[in-house]
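Heads up, the sequence shown stops at 169 in the numbering used here, and the numbers go up one at a time, no gaps.
Here's the structure we're looking at; comments come further down.
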Amino acid sequence: MQFNIPQKKRDVFIKSIIWNSIIEVFKGEKNIDITVYLVSIQLKGKTILIKTKKPIINTEALMLDDKIRQVFSEKIKKIGIKFYDFELRYI
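Written out as structure tokens, the structure reads:
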């Protein structure tokens, strides 16, 4: 299913989905609610910048990067947004 979504809304969907995917993976894999540590999500082309409050969260996210990508990709495909080649950076 492919939706005709304006670019701004598409970006908001992508940010929201990656935010929720990160929270979901941390809850499932580490039993940690990292909502309070997430600061922002920015899109820079095909790069997604994830800003957190603690460097240790960045390290943990790097270890869970494959799982986060998998969950994000599954969700993004379900709503029909083509955003397959991307890079996650934790800052």
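The C-beta atom is built at its ideal place from N, Cα and C for all residues, glycine as well.
With respect to lysine 129, valine 117 sits close: the two C-beta atoms are nearer than 8 angstroms. Short of 6 angstroms from the beta carbon of isoleucine 96, and not among the five residues preceding or following it, lie these beta carbons of its own chain, in chain order: Ile119, Ile126, Phe150. Judged by DSSP secondary structure, isoleucine 112 falls outside any alpha helix (DSSP H); it is assigned neither H nor E. DSSP places isoleucine 135 inside the alpha helix (DSSP H), whose first and last residues are 133 to 141.
DSSP places isoleucine 119 within a strand segment (E or B) once states are collapsed to three.
Distances from the CA of lysine 156 to each of Asn136, Thr113, Phe91 were compared; the closest alpha carbon is that of Phe91.
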